[in-house]
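Chemist:
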DNA sequence: TTTGCAACTGACATTTATGTAAGCAACCCT
DNA sequence: AGGGTTGCTTACATAAATGTCAGTTGCAAA
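Protein chains in written order, with the numbering used here: chain R, 221 to 418; chain X, 221 to 418.
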């Protein structure tokens, strides 16, 4: 009766588990990311996940790293485009918003914070920090640029959580928050260019 | 040995429970708001809370209403001041940010959303909506005003969750997000005044 | 004083998440 | 082929949260 199951390498197993955990997080929220639920998605048992990640919080920490790296990579890609002139300000806005919304970083971040498990958030914060340093063309850090990035990220996180709901209540289109962020970021870039030329 | 315990009215009991739940929410996060924990704070048993609120989600829903009313009341107060010329733009910003940060509305909102219990969020969304309609001096709804309010609320929520952490990572002062929000809101108000005079 | 309503409790039962330990079995190496 | 390593599972243990229910008792009204 038992179907012969292929044995996976630790790396394969961890990767499958993290992908499943990520999907579960985005679809049903952080509370749905339990050992049992994740395991059943990849056709394994919850004891299997304990075997690979040591504990439930071990899985969460790994998930945070995974999402942090993913988000960082996605945005870094946009930065490259932006530098070569291909990308627009809107692209950066969209990518940042998507990172928190569709990619689940927002859900994970808030969950980590709300449960007091702040350490697990470090990788994501680090990824954002790295990204910001990178935006400052050549790694130089600019105070105003930091402020604008702070505003952008905060709006992206807020939008991922209650954006759809609040926009609906205010009778605004879903993309209203992105429009606002784009407008503000363009103002900031204009100011920056002017000051840079002086 | 048993200390004679005073019997409370349902209103008293509910009020004490909600206050305790709110404190617990702000201090230790949504996951700490359990029947047992809340009950022990007010010297009662968890069965008592079930008696008054029907279920755990009943308590959560009541808490959402309670916080929504509180937040709405606090901000409405600032609006009044603002109208009489006493309050500044910064006051509105501070109150909005505090509502989500210190008053726990942010923690509750995100928790509700993340756990899929979106209905319980309705009262808070309604409160914000009501507030925004009120800002538009006389109840008339203004599209740009709505957009600016959306941006303000999203930043306030984001700031309540990762503001402190992110600002630290970017080497910005804790109030950086509020500064940004204030600047943007003042720009918006200036534009609004110009258009209104034309 | 008595009586009835309901606030309140204690002792259950249930469900769910996490964790442990022992053993099975697939895969690699010799 | 044979044996050791280890991915993986089954079975069990534990703790916490929610919920049920019968029963107790404070309190107000008759």
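C-beta atoms are modelled at their ideal positions from N, C-alpha and C, and glycine is treated no differently.
1. For a contact defined as C-beta to C-beta under 7 Å, what are the partners of residue 345/X on chain R?
2. So, does the region 291-308 of chain X touch the region 372-381 of chain R, judging by three or more C-beta pairs under 8 Å?
3. Taking CB distances under 8 Å as the criterion, tell me whether residue 414/R reaches chain X.
4. With DSSP as the reference, label residue 262/R as helix, strand or coil.
5. Spatial neighbours of residue 295/R within its chain, please: CB distance less than 7 Å, with the 5 preceding and 5 following residues excluded, ordered by chain position.
6. According to the neighbour-count rule (16 or more other Cβ atoms, all chains shown, within 10 Å of its Cβ), is residue 281/R buried or exposed?
7. Taking 8 Å as the threshold (C-beta atoms), are residue 408/R and residue 370/X in contact?
8. Could you list which residues in chain X have their beta carbon closer than 7 Å to that of residue 257/R, in chain order?
9. So, with DSSP's three-state summary, where would you put residue 334/R?
10. Would you say residue 329/R faces chain X, with C-beta separation under 8 Å as the test?
11. For the alpha helix (DSSP H) that residue 252/X lies in, which residues bound it at each end?
12. Whole-angstrom Cβ separation of residue 258/R and residue 269/R, contact assumed at under 8 Å?
13. Under a CB-based cut-off of 8 Å, is residue 253/X close to chain R?
14. Thinking C-beta only, is residue 313/R closer than 8 Å to residue 402/R?
15. Using a Cβ-Cβ cutoff of less than 8 Å, which residues in the same chain neighbour residue 366/R once the five nearest sequence positions on both sides are dropped?
16. With 8 Å as the threshold, decide whether the Cβ of residue 325/R is near any Cβ in chain X.
17. Should residue 388/X go down as buried or exposed, given a rule of 16 or more other Cβ atoms within 10 Å for buried?
18. Indicate whether residue 324/X and residue 261/X have their beta-carbon atoms separated by less than 8 Å.
Modeler: Taking the structure as given:
1. 385, 386, 389
2. no
3. No, residue 414/R does not count as interfacial toward chain X.
4. coil
5. Here the set comprises 315, 316, 319, 351.
6. buried
7. Using a Cβ distance threshold of 8 Å, residue 370/X and residue 408/R do not count as a contacting pair.
8. Within chain X, no residue comes near residue 257/R; the closest Cβ sits about 14 Å away, beyond 7 Å.
9. helix
10. yes
11. No alpha helix (DSSP H) holds residue 252/X; DSSP gives it neither H nor E.
12. About 6 Å; that satisfies the 8 Å criterion.
13. no
14. yes
15. 352
16. Taking Cβ atoms only, chain X never reaches closer than 8 Å to residue 325/R, which makes this a no.
17. Exposed.
18. no
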